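Numbering (the working numbering), first residue to last: 1 to 57.
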């Protein structure tokens, strides 16, 4: 289950991506690390950490 910070960051990032007409293909939680992974468009991969910080992979 994602944390509140992850959900807020996920919402903000996916909103920004869809405003740029980039499709969000997948959003899932890694059960081992509790990180949220977002795959968007053809080349965008984002990891959202439990504290809400995120990076491009």
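From the three backbone atoms N, C-alpha and C, an ideal C-beta is built for every residue, glycine too. Here the structure is a predicted model, which is why all the values come from computation and not from measurement.
3 or more residues per run - each beta strand (DSSP E) lying fully within the segment 10–39: 24–29
Just tell me which of 48, 44 and 56 has its CA closest to the CA of residue 28. Residue numbering aside, residue 28 sits at position 28 when the chain shown is read from its first letter. If we check each option's Cα against that of residue 28, 48 comes out closest.
Between the Cα of residue 6 and the Cα atoms of 57, 30 and 20, which residue gives the shortest distance? Within the chain shown, the letter at position 6 stands for residue 6. In terms of CA proximity to residue 6, 30 leads the group 57, 30 and 20.
Given residue 1, which residues of its chain have a CB within under 8 Å of its CB, disregarding the five upstream and five downstream residues? In the chain shown, the residue the question calls residue 1 occupies position 1. For residue 1, where only same-chain residues beyond five positions count, the Cβ hits under 8 Å are 29.
Given residue 43 as reference, the closest of 36, 25, 33 and 52 once Cα atoms are compared: Counting from 1 along the chain shown, the entry for residue 43 is found at position 43. Minimum Cα distance to residue 43 is reached at 25.
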